[in-house]
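S.K.:
Residue numbers (our numbering), protein chains in the order written: chain A, 109 to 279; chain B, -11 to 150.
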């Protein structure tokens, strides 16, 4: 039992939340997909740190996929208040613009009042599902890279002998 | 389907996905130029993974692409890396590149991204594309190898550390 892999839940949650926050916050999100890859690399690092068995790149892919899905959910939640802020900003912008424009499209006021720049629950869910798929793919990539960088190497027999002799000489 | 065929199928699936991904990036501005509303959906699909700032994007049919110059470089590099993968690595080899290779390919994008992020300099779009392209080249050698490993070795017992 003790040579089982560590749980992926905590690493996936931590890496996913970090990636989701950093990729969702305005100004910070200028690093595009790099936050997702970086966050899922963090997941792979945490998984590797707590592991007593040699992890494969496939393990990195799995933890990366989970972290990517978490990141998509976190980013979607962060974006909910931002939709409202954007909506208010656009409303004010169009309202100001209409003072100077000679001709505005007919019905633009009712479009804004109906929430033309808002997001319906269906669109929100659709965006979330699509984001989750994309983030999962990017997460798999980040997880695999993370495992390649941070996994513990199993010592080869020759290296093991060398280490023993070094230990002996140290004493 | 035996393992060999599964690996071929996986490769073709990834290659097809990358081609479709790049195609959709160019489809969005074309649809926008034709005033077809599907463009809004495509731009919104890419918005969570790219800032889509027009000044940092290439234009097609008079409209910005669905992703910025750096992201386009990464995906284009990924495409070329995917094409080269079977010739440089073979299909069934799931070894990942050495850490120093990853570091060498990543140094330019890390320096450039940090420099732009901290407003130390502003890289024009063409160099941004090539910096992203260089990094994108190495990525399939992780992605395809990792997914192939998952496909071939799922459920295998793990070696325990002492």
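For glycine and all other residues, C-beta sits at the position ideal for the given N, C-alpha and C.
#1: Flag residue 134 of chain B as yes if its beta-carbon sits less than 8 angstroms from any beta-carbon of chain A, otherwise no.
#2: Which term fits residue 99 of chain B, buried or exposed, when burial requires 16 or more other beta carbons within 10 angstroms of its beta carbon?
#3: Should the segment 243 to 254 of chain A be called in touch with the segment 136 to 150 of chain A, which here means at least 3 C-beta pairs below 8 angstroms?
#4: Return the residue from the list B:128, B:101, B:127 and B:108 that minimises the CA-CA distance to residue 115 of chain B.
#5: My assumption, with CB atoms under 8 angstroms, is that residue 51 of chain B sits in contact with residue 77 of chain B. Please give the rounded CB distance.
#6: Quick check: residue 184 of chain A and residue 247 of chain A, are their CB atoms within less than 8 angstroms of each other?
#7: Going by the beta-carbon positions, is the gap between residue 129 of chain A and residue 182 of chain A smaller than 8 angstroms?
#8: Can you pull the chain A neighbours of residue 58 of chain B, defined as C-beta to C-beta under 8 angstroms?
#9: Go ahead and label residue 153 of chain A buried or exposed: buried means 16 or more other beta carbons lie within 10 angstroms of its beta carbon, across all protein chains shown.
#10: Below 8 angstroms on the Cβ atoms is my contact criterion, and I expect residue 61 of chain B with residue 132 of chain B to pass it. Report the Cβ-Cβ distance as a whole number of Å.
#11: Name, please, each residue of chain B whose Cβ falls closer than 7 angstroms to the Cβ of residue 239 of chain A.
#12: Taking beta-carbon pairs under 9 angstroms, can you tell me which members of the segment -11 to 6 of chain B lie near chain A?
#13: Would you tell me roughly how many angstroms separate the C-alpha atoms of residue -4 of chain B and residue 104 of chain B, rounded to the nearest one?
#14: For the segment 101 to 116 of chain B, which residues have a CB atom closer than 9 angstroms to at least one CB atom of chain A, in sequence order?
#15: Can you name, in chain order, every residue of its own chain whose Cβ lies under 6 angstroms from the Cβ of residue 180 of chain A, other than the five neighbours on each side?
#16: With a threshold of 6 angstroms on Cβ separation, who are the neighbours of residue 259 of chain A within its own chain once the five nearest residues in sequence on each side are excluded?
#17: Beta carbon of residue 85 of chain B, beta carbon of residue 28 of chain B: below 8 angstroms?
#18: Quick one: is residue 12 of chain B near chain A, going by C-beta distance under 8 angstroms?
#19: Considering only the alpha carbon of each residue, which of A:118, A:124, A:249 and A:137 lies closest to residue 158 of chain A?
#20: Applying a beta-carbon distance threshold of less than 7 angstroms, which residues of chain A neighbour residue 32 of chain B?
#21: Measuring alpha carbon to alpha carbon, tell me which residue in B:71, B:46 and B:144 is nearest residue 7 of chain B.
#22: What are the residues that DSSP puts in a beta bridge with residue 229 of chain A?
#23: For residue 106 of chain B, count the other beta carbons within 10 Å of its own beta carbon; 16 or more makes it buried, fewer makes it exposed. Which is it?
#24: Taking C-beta pairs closer than 9 angstroms, name the residues in chain B that residue 248 of chain A reaches, listed in chain order.
#25: Interface residues of chain B around residue 192 of chain A at Cβ under 8 angstroms?
M.R.: Result, derived from the coordinates:
#1: Start at 1 with the first residue of the second chain, and residue 134 of chain B comes out as number 146. Between residue 134 of chain B and chain A, the shortest Cβ-Cβ separation is below 8 angstroms.
#2: Sequence index remark: in the second chain, residue 99 of chain B carries index 111 (1-based). Residue 99 of chain B should be labelled exposed.
#3: Contact between the segment 243 to 254 of chain A and the segment 136 to 150 of chain A is present, because at least three Cβ pairs lie under 8 angstroms.
#4: Position 127 of the second chain holds residue 115 of chain B. Ranking the options by Cα distance to residue 115 of chain B, first place goes to B:101.
#5: Here the question's residue 51 of chain B lines up with position 63 in the second chain. Here the question's residue 77 of chain B lines up with position 89 in the second chain. In fact, because the Cβ distance is near 37 angstroms, the residues do not count as touching under 8 angstroms.
#6: Numbered from 1 along the first chain, position 76 holds the residue referred to as residue 184 of chain A. Numbered from 1 along the first chain, position 139 holds the residue referred to as residue 247 of chain A. Cβ atoms of residue 184 of chain A and residue 247 of chain A: not closer than 8 angstroms.
#7: Counted from its first residue, the first chain places residue 129 of chain A at position 21. Counted from its first residue, the first chain places residue 182 of chain A at position 74. A contact, by the Cβ cut-off of 8 angstroms.
#8: In the second chain, the residue the question calls residue 58 of chain B occupies position 70. Those are 140, listed as they occur along chain A.
#9: Taking the first chain and counting its residues from 1, the one referred to as residue 153 of chain A is at position 45. With 16 or more other Cβ atoms within 10 Å, it is buried.
#10: For the purposes of this step, residue 61 of chain B is taken as the residue at position 73 of the second chain. For the purposes of this step, residue 132 of chain B is taken as the residue at position 144 of the second chain. Wrong, their Cβ atoms sit about 19 angstroms apart, outside the cutoff.
#11: For the purposes of this step, residue 239 of chain A is taken as residue 131 along the first chain, with counting starting at 1. By Cβ distance, chain B contributes 36.
#12: Within the segment -11 to 6 of chain B, those residues whose Cβ lies closer than 9 angstroms to any Cβ of chain A are, in chain order, 5.
#13: The sequence position of residue -4 of chain B within the second chain is 8, counting from 1. The sequence position of residue 104 of chain B within the second chain is 116, counting from 1. Those two C-alpha atoms are separated by around 40 angstroms.
#14: The segment 101 to 116 of chain B vs chain A, Cβ under 9 angstroms: 101, 104 and 105.
#15: Stepping through the first chain from its first residue, residue 180 of chain A is reached at position 72. Its chain contains 239, 240 and 243 as the residues whose beta carbon lies nearer than 6 angstroms to that of residue 180 of chain A, once the 5 sequence neighbours on both sides are disregarded; these appear in chain order.
#16: By one-based count along the first chain, residue 259 of chain A stands at place 151. So the qualifying residues of the chain are 156 and 163.
#17: Taking the first residue of the second chain as 1, we reach residue 85 of chain B at position 97. Taking the first residue of the second chain as 1, we reach residue 28 of chain B at position 40. It is not a contact, given that the beta carbons lie outside the stated cut-off.
#18: The residue labelled residue 12 of chain B in the question sits at position 24 within the second chain. With 8 angstroms as the cut-off, residue 12 of chain B does not count as an interface residue toward chain A.
#19: The sequence position of residue 158 of chain A within the first chain is 50, counting from 1. For residue 158 of chain A, the closest alpha carbon among the candidates A:118, A:124, A:249 and A:137 is that of A:118.
#20: Start at 1 with the first residue of the second chain, and residue 32 of chain B comes out as number 44. For the C-beta of residue 32 of chain B, the chain A residues within less than 7 angstroms are, from N- to C-terminus, 235.
#21: On the second chain, residue 7 of chain B is found 19 positions in, with the first residue counted as 1. Of the listed residues, the one whose Cα sits closest to residue 7 of chain B is B:71.
#22: The residue labelled residue 229 of chain A in the question sits at position 121 within the first chain. Bridge partners of residue 229 of chain A: none, in fact.
#23: As a first step, residue 106 of chain B must be located in the second chain, where it is residue number 118. Exposed, since its Cβ has fewer than 16 Cβ neighbours within 10 Å.
#24: Counting from one through the first chain, the residue named residue 248 of chain A turns up at place 140. The contacting residues are 131, 134, 135 and 138.
#25: Working through the first chain from its first residue, we reach residue 192 of chain A at position 84. Neighbours of residue 192 of chain A across chain B, judged by C-beta separation under 8 angstroms, do not exist; the nearest C-beta is about 17 angstroms away.
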